[in-house]
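Engineer: The opening position of the sequence shown corresponds to residue 1 in UniProt numbering, with each subsequent residue numbered one higher.
Note that the Cβ used here is the ideal one computed from N, Cα and C, for glycine as well.
One structure is given below, represented as structure tokens, and several questions about it will come after.
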Amino acid sequence: MACTFFSHAVPEVVECHGERFRLFLDAATIQRRVAELGQEISRDYAGKRPILIGVLNGAFVFLADLIRAITIDCEVDFLKLSSYGAEKVSSGQVYELKKIDADIRNRHVLVVEDIVDTGLSMQFMLERLKAHEPASLATVALLHKAEATRVEVPLDYVGFRIPNQFVIGYGLDYGQLARNFSSIYVLEN
Ligand code: IMP
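Now the structure itself:
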């Protein structure tokens with residue numbers, strides 16, 4: 001197995017592709033914050049039927065929990081961008097691998113990202129989506145590595161601001177593994 005848990009319940013340490021990661025945000029802490037974000041969005045978008053656009057692959061776990069914390073009518077769509085591949089640092093290159101299907105002209109759009117690191121992916125998406133002339137365009141990021149940001153992007157809803165360290169779990173992968181972890185783990189130095 002390329003990912004190993006060293007204990008049961010919520011393990012303190014996991015190994016993934018031969019590297020050790022320690023517990024950073026446990027599942028209960030993540031769920032509490034996602035519930036708060038859902039409440040805020042429900043309040044801010046009451047009567048607006050927003051469309052949430054999840055960025056594949058990483059955001060699908062967060063988006064799945066977030067929409068169940070939203071108590072107003074909302075729709076969902078996805079787009080897919082190139083990711084880190086098997087690396088732990090951003091290549092700085094962003095490619096669109098799947099476009100959205102929905103017509104977002106005059107719609108209230110919320111882009112949902114698992115993590116904003118350099119900000120290049122979010123900047124790329126916002127430019128693309130603006131061209132469709134939505135009624136409004138806002139951003140949601142579960143995690144924000146503020147120190148790593150190379151381009152300033154407006155972040156309207158942020159779950160947790162985190163240091164510039166590599167994290168996995170809750171949708172975030174290392175070499176395609178660890179997306180299925182309920183908690184988030186950080187690389188041990
Ligand atoms: P950015 O374009 O540098 O902001 O990076 C955004 C994308 O990089 C995210 O959607 C993730 O797919 C990936 N990413 C950034 N930081 C991490 C990390 O710490 N772990 C896993 N993936 C990451």
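Only counting the same chain, and skipping five residues up and downstream in sequence, which positions put a Cβ closer than 6 angstroms to that of residue 63?
Structural biologist: Same-chain partners within the cutoff: 54, 112.
Engineer: By the three-class DSSP mapping on this structure, what secondary structure does residue 182 have?
Structural biologist: Three-state DSSP puts residue 182 in coil, outside helix and strand.
Engineer: Contact defined as beta carbons within less than 8 angstroms: I believe residue 164 pairs with residue 147. What is the distance between those atoms, to the nearest angstrom?
Structural biologist: Residue 164 to residue 147, Cβ: 4 angstroms. Contact.
Engineer: Using 8 angstroms as the cut-off, classify the Cβ of residue 97 as near or not near the heavy atoms of the ligand PLP, replying yes or no.
Structural biologist: Of the ligands this structure carries, namely the ligand IMP, none is the ligand PLP.
Engineer: Helix, strand or coil, according to DSSP, for residue 168 in the structure here?
Structural biologist: Strand at residue 168.
Engineer: Quick check for students: name the residue ranges of the alpha helix (DSSP H) that lie wholly in the stretch 2-61, counting only runs of 4 or more.
Structural biologist: As far as the stretch 2-61 is concerned, its whole alpha helix (DSSP H) runs of at least 4 residues are 27-44.
Engineer: Can you tell me which of the three DSSP states residue 155 falls into?
Structural biologist: Note: residue 155 maps to coil in three-state DSSP.
Engineer: How about residue 167: is its Cβ closer than 8 angstroms to a heavy atom in the ligand IMP?
Structural biologist: Yes, since a heavy atom of the ligand IMP falls inside the 8 angstroms radius drawn around the Cβ of residue 167.
Engineer: Suppose you measure from the CA of residue 2 to the CA of residue 96; what does that come to, to the nearest Å?
Structural biologist: Roughly 29 angstroms between the two C-alpha positions.
Engineer: May I ask you to list the residues that DSSP assigns as paired with residue 161?
Structural biologist: DSSP lists 144 as partners of residue 161.
Engineer: For residue 200, list the residues DSSP reports as bridge partners.
Structural biologist: Nothing about residue 200 can be read from this structure; the chain reaches only from 1 to 189.
Engineer: Identify whether residue 96 lies in helix, strand or coil by the three-state DSSP scheme.
Structural biologist: Three-state DSSP puts residue 96 in a strand.
Engineer: Over what stretch of residues does the alpha helix (DSSP H) that includes residue 190 continue unbroken?
Structural biologist: The question about residue 190 has no answer, for the chain in this structure spans 1 to 189.
Engineer: Quick one: measure Cβ to Cβ for residue 10 and residue 23, integer angstroms, because I've assumed they're closer than 8 angstroms.
Structural biologist: Indeed, because the Cβ distance is near 7 angstroms, the residues count as touching under 8 angstroms.
Engineer: Might you give, ordered along the chain, the residues of its own chain that have their beta carbon closer than 6 angstroms to the beta carbon of residue 71, omitting 5 neighbours on each side?
Structural biologist: Within the same chain, residue 71 has close Cβ partners 42.
Engineer: Compute the distance between the beta-carbons of residue 166 and residue 187, then report whether it is under 9 angstroms.
Structural biologist: Yes, Cβ-Cβ distance for residue 166 and residue 187 is below 9 angstroms.
Engineer: Can you round the beta-carbon distance between residue 129 and residue 137 to whole angstroms, since I take them to be within the 8 angstroms contact cut?
Structural biologist: That pair is a contact at about 6 angstroms.
Engineer: Would residue 98 count as contacting chain B if we go by Cβ distances under 9 angstroms?
Structural biologist: Absent from the structure is chain B; it holds one protein chain and no more.
Engineer: Please determine whether the Cβ atom of residue 140 lies at a distance below 8 angstroms from any heavy atom of the ligand IMP.
Structural biologist: Outside the cutoff, so no.
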